[in-house]
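Peer 1: Residue numbers (this note's numbering): 1204 to 1653.
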Ligand code: S3P
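1) Return helix, strand or coil for residue 1308, following the three-state DSSP convention.
2) With 16 other CB atoms within 10 Å as the buried threshold, where does residue 1204 fall?
3) Please find out if some non-hydrogen atom of the ligand S3P comes closer than 8 Å to the beta-carbon of residue 1241.
4) Apart from the five residues just before and just after residue 1598, which ones in its own chain have a Cβ nearer than 6 Å to its Cβ?
5) Per the DSSP calculation, residue 1553 is bridged to which residue(s)?
6) Helix, strand or coil: how does DSSP classify residue 1206 here?
7) Between which residues of its own chain and residue 1490 is the CB-CB distance below 7 Å, once the five residues before and five after are set aside?
8) Using the Cα positions of residue 1469 and residue 1262, report the straight-line distance between them to the nearest angstrom.
9) In terms of alpha-carbon separation, which member of 1567, 1622 and 1589 lies closest to residue 1605?
10) Could you give the distance in angstroms between the alpha-carbon of residue 1344 and the alpha-carbon of residue 1316?
11) Measuring alpha carbon to alpha carbon, tell me which residue in 1335, 1466, 1288 and 1299 is nearest residue 1233.
12) Hey, would you say the C-beta of residue 1561 is under 8 Å away from at least one heavy atom of the ligand S3P?
13) Could you tell me which residues DSSP puts in a beta bridge with residue 1583?
14) Which residue marks the beginning of the beta strand (DSSP E) containing residue 1292, and which one marks its end?
15) Do residue 1420 and residue 1510 have their C-beta atoms closer together than 9 Å?
16) Assuming residue 1192 is part of the alpha helix (DSSP H), what are its boundary residues?
17) For residue 1234, which of helix, strand or coil comes out of DSSP?
18) At 4 residues or longer, what runs of the alpha helix (DSSP H) sit wholly inside the region 1407 to 1446?
19) Between residue 1369 and residue 1340, what straight-line distance do the alpha-carbon atoms span, to the nearest angstrom?
20) Going along the chain, which residues of its own chain have a beta-carbon closer than 8 Å to the beta-carbon of residue 1532, five neighbours each way excluded?
21) Should residue 1537 be counted as a contact of the ligand S3P given a C-beta to heavy atom distance under 8 Å?
22) Closest by CA to residue 1635, which one among 1267, 1513 and 1484?
23) Less than 8 Å between the CB of residue 1409 and some heavy atom of the ligand S3P, yes or no?
24) Determine the extent of the beta strand (DSSP E) in which residue 1258 is found, giving its start and end residues.
25) Taking the alpha-carbon positions, what's the residue 1231 to residue 1328 distance?
26) Compute the Euclidean distance between the alpha carbons of residue 1615 and residue 1513, then round it to the nearest angstrom.
27) In terms of alpha-carbon separation, which member of 1633, 1337, 1623 and 1321 lies closest to residue 1350?
28) Can you tell me which of the three DSSP states residue 1402 falls into?
29) When burial is assigned at 16 or more other CB atoms within 10 Å of the CB, is residue 1206 buried or exposed?
30) From residue 1225 to residue 1270, what distance separates their C-alpha atoms?
31) Quick check on the DSSP output: what are the complete alpha helix (DSSP H) runs of length 4 or more inside the region 1354 to 1400, in order along the chain?
32) Tell me residue 1331's beta-bridge partners as DSSP assigns them.
33) Does the count of Cβ pairs from the region 1545 to 1552 and the region 1512 to 1531 closer than 8 Å reach three?
34) Using three-state DSSP, classify residue 1512 as helix, strand or coil.
35) Report back the beta-carbon spacing between residue 1406 and residue 1384 to the nearest angstrom; my notes put them in contact at under 8 Å.
36) Excluding the 5 residues flanking residue 1529 on each side, which residues of the same chain have their C-beta closer than 6 Å to its C-beta?
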């Protein structure tokens, strides 16, 4: 099947990944199934835990982040079977019936776990919760969800004026509200909607641009009354809702597929088919931008699975050109900017990424991370307050680069290493397991696959 063209080594002490670029003429070939969508996996576990009856989840992402969600909800009394890709069973407690946990809830590295869960905790009347996460999560802004929850009557304490985890929450009877979010964030939107589920009346969130809509789709499928006003980017839940357990089929994560889309586009003589990828229009900004950059990408076998659009995506190598990435497309490709930055280093001309300051408060400061590490590899990158400017076509040189313990930075640099002229070492690359546990194995198998 595969020939040893790329050498991938994990050093046991330092957890580094060493990548030898493939010899010319041997590209990436084959069919890849990427793991389940991270956003949908979190939501399936959470809605399952607050629904009545049983939820069945097929294709759950077995990454560290959904494991954190499962552990938190188990600690609050939800019955969740062992996690596997085939089928996970969740026996829910009903909205408002989460139990007071005996210890601190730990969201690990996962912003989605912590921010969405806070919406539910704030509404558990009379129960007390403490929540925390790893070093990265404890430095990420929580005021974006604490502020709207406080407007609804929530009682939350936290470090630095309730801005940072660890946080403590005393559940209350909340009041409906209309929150105008200053940022387009699915985590903020989902947090408020989840808090609104148990409230009598209408809880609305308006955001400046449309963010991913998995919560809206799944809440509706579980029986909530959800209204969407596309023109104003507003979503309303009318409560009190009653959710009933459902079967959720999780598609492949387009954010994980993005690494292979760019890899096949930039490594000569490549052709990959990425099977069963979620192509929800609130997530497909990466496809639009790559097509604008003249990548050879086609969607095949388009279908709808359990309320989410799904397709197989074929990508062949091509000559990319630079482009501008800004405005309303940013929330639709927010997690793909690190790998798009890699594509830009190989493209003819200049690529400008603007309006992406949100990247500074992800698992790492992804603007600084990508600018610094790609520059070490010889790329012409300028860091801007809200983005990056990359002049492509300079070629990449193998180097020792830092992943900042950030899964998407680690995987983006691994793909960049495929087109460098000498080997690259990526420090702490095991962080890939946050969203893509088999990334390194797939990388080994895909190079030179006939
Ligand atoms: C997510 C929303 C996005 C994204 C994150 C997952 C979600 O964050 O970056 O990886 O599942 O709701 P923001 O809501 O902060 O933009």
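Glycine included, each C-beta is placed from N, C-alpha and C at the ideal position.
Peer 2: The short version:
1) strand
2) With a pLDDT of 33 at residue 1204, under the threshold of 50, the modelled position of this residue cannot be trusted; read the value that follows with caution. Exposed, by the Cβ-count rule.
3) yes
4) So no residue of the chain qualifies.
5) 1594
6) Residue placement at residue 1206 is flagged as unreliable, the pLDDT there being 38, under the threshold of 50; the coordinate-derived value follows with that caveat. Correct three-state label for residue 1206: coil.
7) 1500
8) 29 Å
9) Nearest to residue 1605 by C-alpha distance, out of 1567, 1622 and 1589, is 1567.
10) For residue 1344 and residue 1316, the distance between alpha carbons rounds to 14 Å.
11) Comparing Cα-Cα distances from residue 1233 to each of 1335, 1466, 1288 and 1299, the minimum goes to 1466.
12) Result yes, Cβ under 8 Å from the ligand S3P.
13) 1594
14) 1291 to 1294
15) By the CB criterion at 9 Å, residue 1420 and residue 1510 fall inside the cutoff.
16) With the chain running from 1204 to 1653 in the structure shown, residue 1192 is simply not present.
17) strand
18) 1417 to 1424
19) Straight across, the Cα-Cα distance linking residue 1369 with residue 1340 is about 9 Å.
20) 1488, 1491 and 1492
21) yes
22) When only C-alpha atoms are compared, the closest one is 1267.
23) no
24) Membership of residue 1258 in the beta strand (DSSP E) is indicated by the continuous run 1257 to 1261.
25) The straight-line gap from Cα to Cα measures roughly 54 Å.
26) 24 Å
27) 1321
28) coil
29) Low confidence applies to residue 1206: its pLDDT is 38, below 50, so where it sits in the model is not reliable, and the reading given next is rough at best. Answer is exposed; the Cβ neighbour count stays below 16.
30) 34 Å
31) Fully contained in the region 1354 to 1400 are the following alpha helix (DSSP H) runs of length 4 or more, in chain order: 1362 to 1365 and 1389 to 1399.
32) 1373
33) For the pair of segments examined, the region 1545 to 1552 was found to touch the region 1512 to 1531: the number of CB pairs separated by less than 8 Å reaches three.
34) Residue 1512 falls in the strand class under three-state DSSP.
35) That belief does not hold up - the Cβ atoms of residue 1406 and residue 1384 are roughly 13 Å apart, past 8 Å.
36) If we look at residue 1529 and ignore the five residues flanking it on each side, its Cβ neighbours are 1557 and 1558.
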